[in-house]
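Each residue of the sequence shown is one higher than the last, beginning at 26 in my numbering.
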Amino acid sequence: MPRSSRVSETQWDAAQHAERIHWRKILGDPAKRDRLFRTLDYETQQPYIERLTDWIGLYRPAGVVLDIGCGPIGLGPFMRGVKLYGMDPLAEWFAAGEPAFVGVEYAALGYTRVVKGTAEGAAQAVAALGVRTDQIDVILCCNVLDHTANVADTVRGIAALGHLGTEALLAYDLRTLGTSLHPTLVDGEQVKTLMAEAGWERINYFTTAPVPWHVNESAGVRIEHYRRQTDLGFGWLLKRVKDRTCLSEERLQGLHWAVAEVNARGLSGDLVECGCYRGGSAAMLGMSDTRGRRLWVFDSFEGMPAPTGDDPPEAAKEAGTCRGDAGDVVAFLAAQGLRERCAIVKGLFRDTLAQPGLREIAVLHIDCDWYESTKQCLDALYDKVVSGGVIQFDDYGHWAGARKAVDEFLARRGIQATLKVLDYTGRQLWKP
Ligand SMILES: C[S@@+](CC[C@H](N)C(=O)[O-])C[C@H]1O[C@@H](n2cnc3c(N)ncnc32)[C@H](O)[C@@H]1O
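So, in structure tokens, the structure goes:
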């Protein structure tokens, strides 16, 4: 057991009171407030903020970020191209302001929405934000574990959020004695054990040098990086497909996670790939599935068709490339144990996608580079993707025509969902 994993209600109230006093001093002083809001280089927190932002930069931007215990500013100003949500027990107090300070405008800081809430009750607060817990891609939880009334419940509250592949950054103060502002002593190994029980793997952690906080002494800040894991089979699958695919590891992992996630959620539907070339990514889709879903593979097996005026000029030289062989792909998929489940449909998408046997899709992989091909896939198959299902676009960042087809389709249908970034080109749409 950690030395103290639980503080009393009174200690918690005292901590909240200390928190108010602390923030009143900052928010009530125009110079300090300005500096905090303008640059976030509030000197006592700089090493800590820098490490967090490094990590956020390193581990890909994602669709939905939840800042648990965001305080009056959080990491909003660093978050670009994401949907940022926040929660804090004092959120309403920060927003309302009082004679001592000007209220916080979370929207101006980049937050889509911020609600009052604690990490222990994160699932309820997330519901109040209007977000599903499995839509959260990144969880930031900075200086919360050491403020909380109960570390174990707090960790469980955090661990219940996210989907397979969600990343969590937990940062907490390591002072040697609890203070009223940081009343709880946190045991990193206990946090790791609790997270592991809930299926999270700690990827990395480190401790910053002691930093001179305003109140009392600090032994530094510990920052832990977790990822919610799938099974450990991805590396093994990767070895089997990597020589037969143009996809990056990130995009292959995106397919793997998508299948694992629709399985975990018990969604119905088949797996579909449009554009298989030598069958590597189709095999990743099929082998990632443990439920015996049907795998549909569509390709002309005549290589890339000629692009149209909606594709960039450099696309012209690609016509005829990526020519796969249907017999070879059938043999490869059969060698991976997918023969029984797999339907290979040869021909141009415009002639083949309307298959009567294909009624519902759980995961759809669109990898056909050009505007027309991508448009045909979306027009024919989007409505068959079940709610909560995933569409992965391989070429969104690389080929302007593919991007145009996706953007036009989403705009035409009024679909608001954020595309998740897998790498410079791969995107995922989790169907609302
Ligand atoms: C980039 S390759 C696919 C790569 C593959 N997913 C992998 O794992 O490496 C694109 C494929 O899309 C197919 N394709 C493109 N447009 C098509 C269309 N309109 N109809 C049928 N096949 C098409 C091409 O024949 C080619 O095999």
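Beta carbons: idealized from backbone N, C-alpha and C, even for Gly.
Following the continuous beta strand (DSSP E) through residue i, name the residue where it begins and the one where it ends.
i, result
"Val139", "136-141"
"Arg428", "Looking at the DSSP string, Arg428 is not in any beta strand (DSSP E); the run it does join, the alpha helix (DSSP H), is 425-438."
"Leu229", "Looking at the sequence provided, one finds Asn at residue 229 rather than Leu. Its beta strand (DSSP E) spans residues 225-232."
"Tyr109", "For the sequence presented, residue 109 should be read as Leu rather than Tyr. Its beta strand (DSSP E) spans residues 108-113."
"Asp324", "320-324"
"Phe374", "Run containing Phe374: none in the beta strand (DSSP E); it sits in the alpha helix (DSSP H), 374-377."
"Ala91", "Sequence check: residue 91 is Leu here, not Ala. Residues 89-93."
"Thr250", "The amino acid occupying residue 250 in the given sequence is His; Thr does not appear at that position. Taken as a continuous stretch (DSSP letters only), the beta strand (DSSP E) holding His250 covers 246-253."
"Val284", "No beta strand (DSSP E) holds Val284; the alpha helix (DSSP H) holding it covers 274-289."
"Ile386", "386-391"
"Val410", "410-418"
Using a 10 Å radius around the Cβ and a threshold of 16 neighbouring Cβ atoms, would you call residue i buried or exposed?
i, result
"Trp261", "exposed"
"His42", "exposed"
"Gly96", "buried"
"Arg437", "exposed"
"Pro208", "buried"
"Gly372", "exposed"
"Pro332", "buried"
"Gln441", "exposed"
"Lys342", "exposed"
"Ile46", "exposed"
"Ala147", "buried"
"Thr399", "buried"
"Thr346", "exposed"
"Asp336", "buried"
"Asp420", "buried"
"Pro457", "exposed"
Within this structure, are the beta carbons of residue i and residue j separated by less than 7 Å?
i, j, result
"Val322", "Glu298", "yes"
"Gly451", "Gly279", "yes"
"Val211", "Tyr197", "yes"
"Arg253", "Trp225", "yes"
"Ser306", "Leu272", "yes"
"Leu186", "Thr218", "no"
"Leu403", "Phe374", "no"
"Ile164", "Leu91", "yes"
"Ala351", "Val287", "no"
"Asp392", "Ala427", "no"
"Arg316", "Asp295", "no"
"Gly245", "Leu199", "yes"
"Ser313", "Val284", "yes"
"Arg276", "Leu447", "yes"
"Leu189", "Trp282", "yes"
"Ile416", "Leu389", "yes"
"Ala120", "Val129", "yes"
"Gly88", "Lys445", "yes"
"Gly7", "Leu292", "The requested residue 7 is not part of the displayed model; the chain covers only 26 to 457."
Who are the Cβ neighbours of residue i in its own chain at under 8 Å, not counting the five residues just before and after it?
i, result
"Arg58", "Ile51, Leu52, Phe126, Val127"
"Arg4", "Because residue 4 is not part of the residues shown, which for the chain are 26 to 457, the question remains open."
"Glu339", "none"
Among the residues of its own chain, which have a CB less than 7 Å from the CB of residue i, if the five just before and after it don't count?
i, result
"Leu257", "Summary for Leu257: the model assigns pLDDT 49, below 50, so the residue's position carries little reliability; its value from the coordinates is reported in the next sentence. Hits under 7 Å: none found."
"Cys367", "Gly311, Leu320, Val322, Leu358"
"Arg49", "Ala125, Phe126"
"Lys409", "Leu383, Arg384, Glu385, Ile386"
How big is the Cα-Cα spacing for residue i and residue j?
i, j, result
"Met533", "Thr179", "This structure gives no information on residue 533, because the portion of the chain shown stretches from 26 to 457."
"Lys429", "Glu397", "10 Å"
"Leu170", "Arg181", "11 Å"
"Ala308", "Leu77", "36 Å"
"Gly300", "Ile93", "41 Å"
"Tyr449", "Ala39", "47 Å"
"Arg269", "Val355", "13 Å"
"Arg384", "Glu249", "43 Å"
"Asp432", "Tyr407", "14 Å"
"His239", "Asp162", "Reliability fails at His239, whose pLDDT of 47 lies under 50, so the model's placement of it is uncertain and the value that follows must be treated cautiously. Straight-line Cα distance between these residues: approximately 33 Å."
"Gly135", "Thr443", "15 Å"
"Arg60", "Ile98", "12 Å"
"Met104", "Ala360", "45 Å"
"Gly439", "Tyr302", "32 Å"
"Thr35", "Ile183", "24 Å"
"Ala425", "Gly334", "11 Å"
Using C-beta distances below 6 Å, list every residue in its chain close to residue i, excluding the 5 sequence neighbours before and after it, in chain order.
i, result
"Arg348", "Gly328"
"Gln401", "Phe374, Arg375"
"Ala150", "Met112, Val140, Gly142"
"Thr508", "In the structure as shown, the chain begins at 26 and stops at 457. Residue 508 is therefore absent and cannot be evaluated."
Assuming residue i is part of the alpha helix (DSSP H), what are its boundary residues?
i, result
"Tyr302", "Segment: none, Tyr302 is in no alpha helix (DSSP H) and carries neither H nor E."
"Ser398", "396-406"
"Lys50", "34-52"
"Lys264", "259-266"
"Gly213", "213-222"
"Asp353", "351-360"
Please indicate yes or no: does the CB of residue i lie closer than 6 Å to some heavy atom of ligand 3?
i, result
"Leu373", "This structure does not include ligand 3; its bound ligands are ligand 1."
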